[in-house]
């Protein structure tokens with residue numbers, strides 16, 4: 354019996370040892386497979402890192418090819434569109450082996466730089482590039498070859514940075530009061546925020562208190578220039594992005610991601626004219642637009658005098674006489690289809706007055722003197738204007754073009770509309786060498802008019818927007834080279850007799866302050882549809898790079 358038991362024990366030991374051997378072998382195989390998978394994952398991670406690193410190098414090379422420079426310098430490739438496109442051709446690559454040091458020795462990476470399918474031939478000084486990098490691991494025993502590919506789009510454009518902001522300043526941006534803003538803000542040196550608004554009556558500056566619980570509605574980002582600060586951004590419960598505010602909402606605030614350049618108005622005006630000087634030779638960028646376009650002999654004077662005539666009778670004569678007026682005859686003006694100066698008739702004092710629509714054309718009209726656009730009925734301006742003087746706009750005017758004025762711009766009780774009602778793809782792009790004034794828009798009323806426009810002031814003097822008694826509803830943007838101060842009230846005013854003085858509206862018992870976002874008297878919404886009128890948009894003398902995300906293919 355004992356002998357049988359010893360046999361059973363021996364058999365049990367042998368079986369156990371065999372089982373352990375099988376388990377050990379299985380464990381070794383699992384361990385080898387795990388190590389193999391780990392190596393594959395490590396290789397894949399390193400490969401992704403290498404490929405994305407090469408894209409970073411390509412972007413850095415593009416920045417070096419199109420660097421920022423002194424604001425008054427015009428690089429050779431910015432002289433005309435042909436030279437720009439030739440410069441772009443020098444950076445294009447097709448399936449090129451990367452020979453730099455940004456990849457490990459176990460990976461080979463090839464890259465391409467091509468024109469994107471999103472590139473538009475009619476976009477001035479603008480191209481969209483697609484960067485693609487593909488990496489493969491070198492062959493290893495018992496490991497399959499791995500491949501990783503990433504792409505990235507880079508916009509290279511001379512379109513001015515102010516077109517990307519709903520509100521901004523190269524200098525200090527001050528916002529007194531809680532507006533409702535959908536879009537991004539930019540402050541070049543400082544952003545200052547206060548809850549209460551200022552308003553001006555005659556020469557006296559006063560303060561109007563907003564509700565203590567009202568909040569700055571911002572559905573967007575706050576970009577700051579290098580070294581810029583923000584006073585008020587840390588105030589608790591100051592911002593919201595909802596009409597039913599939550600607690601402690603904070604927008605994204607910080608240095609701008611892309612490198613933006615300052616806008617050069619002088620270059621922009623002359624370049625705009627140069628787009629239509631193919632056979633006559635390009636205008637130089639050495640002098641001001643006033644000198645180059647209006648005070649030299651480089652631009653011919655129109656032989657057509659597009660002004661309405663007035664009939665009058667001289668005492669003692671029976672035959673009526675005619676004399677020109679300052680009112681523009683749109684039908685004659687539309688016949689000017691080349692780059693020519695339009696002057697007031699001799700003996701007529703300005704301003705030139707436009708009361709009828711101007712038909713579509715990409716050739717700018719050069720109007721030598723002050724201009725007033727005075728619309729009795731809704732009119733449409735579909736042609737670029739370059740004005741050597743001040744511009745005043747009144748009435749309902751639809752725009753889908755760019756207007757330069759070498760003086761000040763006054764928006765006086767005007768509606769600036771899209772060409773098609775409710776459309777986003779047409780705007781006024783207004784660039785003023787002087788100040789921009791928005792004057793008395795729906796004063797002390799609860800309804801709002803529309804301003805579908807992007808406005809830029811090149812003046813270094815402060816630009817001020819008052820939306821306290823008035824209501825301003827802007828779909829576009831407002832940007833200033835100098836300080837920009839915005840004052841706004843959230844609430845309403847009790848009705849008063851028509852003859853009541855303005856100070857009575859601001860009396861404590863007549864003001865109804867509100868925390869509700871929908872009661873904002875300044876409403877601004879960014880309109881990206883402006884880029885659909887790409888062939889008439891202004892450009893500046895520096896190229897900027899807008900870099901998209903790296904996407905795995």
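In this note's numbering, the protein residues as written are 354 to 906. A virtual CB, placed ideally from N, CA and C, is assigned to each residue, including glycine.
Give the secondary structure of residue 574 by DSSP, where H, G and I count as helix, E and B as strand, and everything else as coil.
strand
* To do: Identify the continuous beta strand (DSSP E) that holds residue 897 and give its terminal residues.
  => 897-900
Count Cβ pairs between the stretch 892-901 and the stretch 541-554 that sit closer than 8 Å; are there 3 or more? no
Given a cut-off of 8 Å on the beta-carbon distance, is the pair residue 504 and residue 520 in contact?
no
key: Counted within 10 angstroms of its Cβ, other Cβ atoms place residue 889 as buried (16 or more) or exposed   = buried
Best match in 797, 701 and 622 for proximity to residue 875 [C-alpha to C-alpha]
797
Per DSSP, which residues does residue 803 bridge with? Please list them. 826
### Sequence ranges, beta strand (DSSP E) only - wholly within the stretch 726-810, length at least 3
732-734, 738-740, 744-752, 754-758, 762-770, 781-785, 789-792 and 806-810
task = Kindly list the residues whose CB is nearer than 7 Å to the CB of residue 655, restricted to its own chain and excluding five residues on each side of it in sequence; keep chain order.
result = 689, 693, 694 and 695
### Query
For residue 393, which three-state DSSP category applies?
At residue 393, the pLDDT of 47 sits below 50, so the modelled position is not reliable and the matter cannot be decided from this model.
Grab the span of the alpha helix (DSSP H) containing residue 855 for me, first residue to last.
855-858
Cα-Cα separation, residue 623 to residue 432: 11 Å
**Asked** Okay, do the stretch 851-863 and the stretch 823-839 touch, 3+ Cβ pairs below 8 Å being the bar?
**Response** no
Collapsed DSSP secondary structure at residue 671 in the structure displayed: coil
Q) Quick one: Cα of residue 678 to Cα of residue 697, how far? A) 9 Å
ask   = Whole beta strand (DSSP E) runs in the stretch 844-890 with 3 or more residues, listed along the chain?
value = 844-846, 864-866 and 875-878
Short of 8 Å in beta carbon distance, which residues of its chain neighbour residue 391, apart from the five on each side in sequence? Order them along the chain. Bear in mind that a pLDDT of 49 at residue 391, under 50, signals an unreliable position, so the number given afterwards is only what the model happens to contain. So the list is empty, once near-sequence residues are dropped.
Check your understanding: Where DSSP assigns a beta bridge to residue 584, which residues make up the other side?
Key -> 545
**Prompt:** Unbroken beta strand (DSSP E) runs of length 3 or more, entirely within the stretch 637-661: which are they?
**Reply:** none
Exercise. For the beta strand (DSSP E) that residue 440 lies in, which residues bound it at each end?
Worked result: Unbroken run through residue 440 is the alpha helix (DSSP H), 434-442; no beta strand (DSSP E).
Helix, strand or coil at residue 488 [DSSP, three-state]:
strand
Point to revise | Assigned exposure category for residue 320 - 16 Cβ within 10 Å defines buried | key: This structure does not reach residue 320, given that the chain is present from 354 up to 906, and the question cannot be answered.
Leaving out five residues before and five after residue 760 in sequence, what residues of the same chain have Cβ atoms less than 6 Å from its Cβ?
-> 742, 743 and 787
Give the DSSP bridge partners of residue 550, in chain order.
561
Q) Among 808, 766, 756 and 838, which residue has its Cα nearest to the Cα of residue 748? A) 766
Can you tell me which of 870, 407 and 639 puts its alpha carbon nearest to the alpha carbon of residue 621?
639
Query raised in the report: Quick one, which of 527, 515 and 523 has its alpha-carbon nearest residue 536's?
Result: 515
Quick one: measure Cβ to Cβ for residue 524 and residue 836, integer angstroms, because I've assumed they're closer than 8 Å.
5 Å
Residue 887: which of 753, 867 and 803 sits nearest, CA to CA? 753
Checklist entry - Comparing alpha-carbon positions, which option in 548, 616, 906 and 702 lies nearest residue 873? => result 548
| task | Count the other C-beta atoms from every protein chain shown that fall within 10 angstroms of the C-beta of residue 832, then say buried if there are 16 or more, exposed otherwise. | result | buried
**Asked** To the nearest angstrom, how far is it from the Cα of residue 399 to the Cα of residue 450?
**Response** 18 Å
Report task. Assign residue 904 to one of three DSSP states: helix, strand, or coil. Result -> strand
Query raised in the report: If you follow the beta strand (DSSP E) that residue 426 is part of, which residue opens it and which one closes it?
Result: No beta strand (DSSP E) holds residue 426; DSSP gives it neither H nor E.
| Can the beta-carbon of residue 681 be found less than 8 Å from the beta-carbon of residue 706? | yes
Would you mind stating whether residue 616 and residue 879 have Cβ atoms separated by less than 8 Å? no
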